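If you're matching them up, the sequences are chains A and B in order.
Per the working numbering, residue 37 is the first one in the first sequence, and the count goes up by one each step.
Per the working numbering, residue 37 is the first one in the second sequence, and the count goes up by one each step.
Built from N, CA and C at the ideal position, the CB exists for glycine as well.
None of these values were measured; they are calculated from a predicted model.
Below you'll find the structure, written out as structure tokens, and then a few comments.
Protein chains: 2
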Amino acid sequence: MARQLYELCGTDPARIFSPYCWRSRMALAHKGLDFESVPWRFTETDRLAFVGHDKVPVLVDGAKVVADSWDIALHLDAAYPDRPSLMRGNPAPYRLVAAWNDATVQAGIARLVVSDIPPLLGEAERTYFVTSREKRFGMPLGQVTADRAARLPAFREALHPLRMVVRGQAFLGGDTPDYADMIVFGSFMWARSVSDFALLEPGDAVYRWRERMLDLHGGMARQTPHFGA
Amino acid sequence: MARQLYELCGTDPARIFSPYCWRSRMALAHKGLDFESVPWRFTETDRLAFVGHDKVPVLVDGAKVVADSWDIALHLDAAYPDRPSLMRGNPAPYRLVAAWNDATVQAGIARLVVSDIPPLLGEAERTYFVTSREKRFGMPLGQVTADRAARLPAFREALHPLRMVVRGQAFLGGDTPDYADMIVFGSFMWARSVSDFALLEPGDAVYRWRERMLDLHGGMARQTPHFGA
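Here you go:
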């Protein structure tokens with residue numbers, strides 16, 4: 037049985053845009069593990085009934101089925117200990133990395149790009165997406181991002197902890213990337229896949245870090261369909 | 037030669053208030069290593085001439101002299117591998133923890149308590165401290181903290197990543213503390229040692245985490261001179 041990764045997309049099955057799917061996609065590449073991408077859309081919860089879970093990513097790895105990007109990372113380190121490590125035997129500090137990323141990077145990006153997502157979705161998913169996100173934000177999505185240019189400096193400033201680290205070393209993982217890089221990069225790949233809004237300036241150490249991540253694995257992330265840099 | 041830790045204090049040598057000194061102090065306790073605290077004040081740079089460094093903490097560990105809390109943590113893990121680990125063989129993700137802490141927790145606390153520090157200092161250090169900090173903030177220290185009650189909700193909100201993790205587990209390190217806990221706790225111990233301004237509410241998961249940290253090693257941190265909770 038081929039290894040399969042269920043990943044979120046819209047009308048274009050090659051345009052994977054869930055930040056969590058990008059974490060798993062980069063984790064598999066880091067481990068050097070081939071996989072077949074199984075496109076999945078927001079409304080196809082019935083296709084995940086076999087998992088007992090309603091969200092992607094879902095990894096089918098032989099007889100093992102793993103839902104949730106965090107559990108997928110733990111599984112990959114446990115099942116393939118001889119391949120490059122994701123969390124190097126100690127997942128604990130990566131939880132704070134993920135919590136920081138979700139509260140800061142990802143929440144910040146959402147408010148900068150969310151209105152660019154609906155045009156990429158089929159009709160049924162678009163209705164689901166717009167309804168659920170407008171409920172979350174309490175306003176039309178166009179209104180969420182209306183002042184995004186004005187909020188961009190604050191978003192860039194909020195990246196300061198990341199900037200401090202990647203000024204002094206190539207990756208959050210040190211000389212080589214680890215799962216901390218994949219967590220944060222996933223959010224940037226989400227933005228890149230759905231929006232041409234420029235989040236980073238080329239002179240920024242975070243920009244240069246993102247370039248290094250885009251170059252990994254023969255430019256795997258760089259080559260996927262995208263709008264932004 | 038007894039193990040010695042040079043630590044920042046004011047007129048009371050038992051009131052250690054540098055957040056970085058607290059990181060090292062907790063790290064030594066975590067390792068179960070005895071040490072003699074050597075009180076040091078801001079103006080006593082000549083007493084650190086033997087280190088080639090002008091800040092504390094400085095650890096003198098037998099023939100080895102280590103400056104900087106980060107390097108002290110690395111040294112302790114390398115020199116005492118059979119004792120409880122601080123960074124579990126992989127320092128990389130702790131760098132982002134430290135960068136997040138410094139940019140968010142510590143910078144936030146500074147703006148809430150900095151004006152409470154001068155009364156704890158002798159005259160010479162007080163002049164140094166007030167002058168250098170007023171230059172950094174660009175205003176009198178009393179003005180920095182004047183609206184602290186109004187800014188407290190934003191500070192508590194900024195602790196969200198920490199809160200997310202310690203809601204689900206006892207420590208950032210998991211079931212037991214590790215150096216991530218010590219990094220963040222150091223900032224809270226700084227506040228507790230110099231100010232009675234209440235940073236946290238008892239109902240907050242971050243408050244309960246701080247209580248667990250205060251209880252470690254027979255209440256070592258709890259028993260030091262302090263104002264706040």
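Host alpha helix (DSSP H) of A:Glu170 (start-end):
First-last of the alpha helix (DSSP H) with A:Glu170: Glu159 to Phe173.
Restricting to Cα atoms, I'd like to know which of A:Lys91, A:Thr140, A:Thr79 and A:Arg184 is closest to A:Asp152.
When only C-alpha atoms are compared, the closest one is A:Arg184.
Nearest-angstrom Cα distance between A:Phe53 and B:Asn126?
One C-alpha to the other measures close to 30 Å.
In whole angstroms, give me the CA-to-CA distance for A:Glu193 and A:Met200.
The straight-line gap from Cα to Cα measures roughly 11 Å.
Can you list, in chain order, the residues of the region 201 to 234 of chain A whose Cβ is nearer than 7 Å to any Cβ on chain B?
For the region 201 to 234 of chain A, the set of positions with a beta-carbon nearer than 7 Å to some beta-carbon of chain B reads Val201, Leu208, Gly209, Gly210, Asp214 and Ala216 in chain order.
Which stretch, first to last residue, makes up the alpha helix (DSSP H) that contains A:Ala186?
Residues Arg184 to Ala194.
For the region 167 to 183 of chain B against the region 87 to 100 of chain B, do three or more pairs of beta-carbon atoms, one drawn from each stretch, fall closer than 8 Å, so that the two count as touching?
Contact between the region 167 to 183 of chain B and the region 87 to 100 of chain B is absent, because fewer than three Cβ pairs lie under 8 Å.
If you measure between the beta carbons of B:Met225 and B:Ala65, is that distance less than 8 Å?
Contact flag unset, no.
Unbroken beta strand (DSSP E) run spanning B:Ala103, endpoints:
Lys100 to Ala103 is the span of the beta strand (DSSP E), which, as asked, contains B:Ala103.
A:Phe71 - DSSP class collapsed to helix/strand/coil
A:Phe71 falls in the coil class under three-state DSSP.
Please classify B:Glu247: does DSSP put it in a helix, a strand, or coil?
It is helical.
So the alpha helix (DSSP H) A:Val96 belongs to, where does it begin and stop?
Here A:Val96 belongs to no alpha helix (DSSP H); instead the beta strand (DSSP E) covers Val94 to Asp97.
Contact between the region 80 to 90 of chain A and the region 118 to 137 of chain A is defined here as three or more beta-carbon pairs at a separation below 8 Å; is this criterion met?
These segments do not touch.
Could you tell me if B:Asp217 is buried or exposed, where buried requires 16 or more neighbouring beta carbons within 10 angstroms of its beta carbon?
Within a 10 Å sphere around the beta-carbon of B:Asp217 sit 16 or more other beta-carbons, which makes this residue buried.
Comparing the C-beta of B:Ala128 with each C-beta of chain A, is any distance below 8 Å?
B:Ala128 belongs to the set of residues whose beta carbon lies under 8 Å from a beta carbon in chain A.
Three CB pairs or more closer than 8 Å across the region 225 to 241 of chain A and the region 135 to 149 of chain A:
Segments in contact, yes.
Shortest alpha-carbon distance to B:Leu208 belongs to which of B:Val87, B:Leu235, B:Met249 and B:Met175?
Taking only the C-alpha atoms, the option nearest B:Leu208 is B:Met249.
Can you find a heavy atom of the ligand MG that lies under 7 Å from the Cβ of A:Trp58?
With respect to the ligand MG, the structure offers nothing, as it holds no ligand at all.
Taking the alpha-carbon positions, what's the A:Phe191 to A:Val202 distance?
Their Cα atoms are separated by approximately 17 Å.
Which complete alpha helix (DSSP H) runs does the region 203 to 247 of chain A hold, if anything under 4 residues is left out?
Counting whole runs of 4 or more residues, the region 203 to 247 of chain A contains the alpha helix (DSSP H) stretches 215 to 230.
Output yes if chain B places a C-beta closer than 8 Å to the C-beta of A:Pro117; else output no.
Against chain B, the CB of A:Pro117 has no partner CB under 8 Å away; the residue lies outside that interface.
So the candidates are B:Asp48, B:Pro93, B:Thr47 and B:Arg77; which of them puts its Cα closest to the Cα of B:Arg39?
It is B:Pro93 whose Cα lies nearest to the Cα of B:Arg39.
Where does B:Tyr56 sit, in a helix, a strand or coil, going by DSSP?
In this structure, B:Tyr56 counts as helix in the three-state DSSP scheme.
When DSSP labels each residue in this structure, what does A:Tyr130 get in the three-state scheme?
Note: A:Tyr130 maps to helix in three-state DSSP.
Contacting positions in the region 128 to 151 of chain B - beta carbon closer than 9 Å to chain A
Answer in chain order: Ala128, Pro129, Tyr130, Arg131, Leu132, Val133, Ala134, Ala135, Trp136, Asn137, Asp138, Ala139 and Thr140.
Give every residue of the same chain whose Cβ lies closer than 6 Å to the Cβ of A:Trp245, excluding the five residues on either side of it in the sequence, and list them in chain order.
The answer, listed in chain order, is Val202.
Relative to the alpha-carbon of A:Leu235, which residue among A:Asp211, A:Gly204 and A:Gly264 has its alpha-carbon at the smallest distance?
If we check each option's Cα against that of A:Leu235, A:Gly264 comes out closest.
Are the beta-carbon atoms belonging to A:Gly222 and A:Thr47 less than 8 Å from one another?
No, these two residues do not count as a Cβ contact at 8 Å.
Measuring only the C-alpha atoms, how far is B:Arg172 from A:Pro189?
B:Arg172 and A:Pro189 have their alpha carbons spaced roughly 22 Å apart.
Does DSSP classify B:Leu122 as helix, strand or coil?
Under the three-state reduction of DSSP output, B:Leu122 falls in the coil class, being neither helix nor strand.
Assuming A:Ser231 and A:Val149 make a contact with CB atoms under 8 Å, what is their CB distance in whole Å?
Yes, A:Ser231 and A:Val149 are in contact; Cβ-Cβ is about 4 Å, under 8 Å.
B:Trp106 to A:Leu110, Cα distance in whole Å?
Distance between the alpha carbons of B:Trp106 and A:Leu110: 28 Å.
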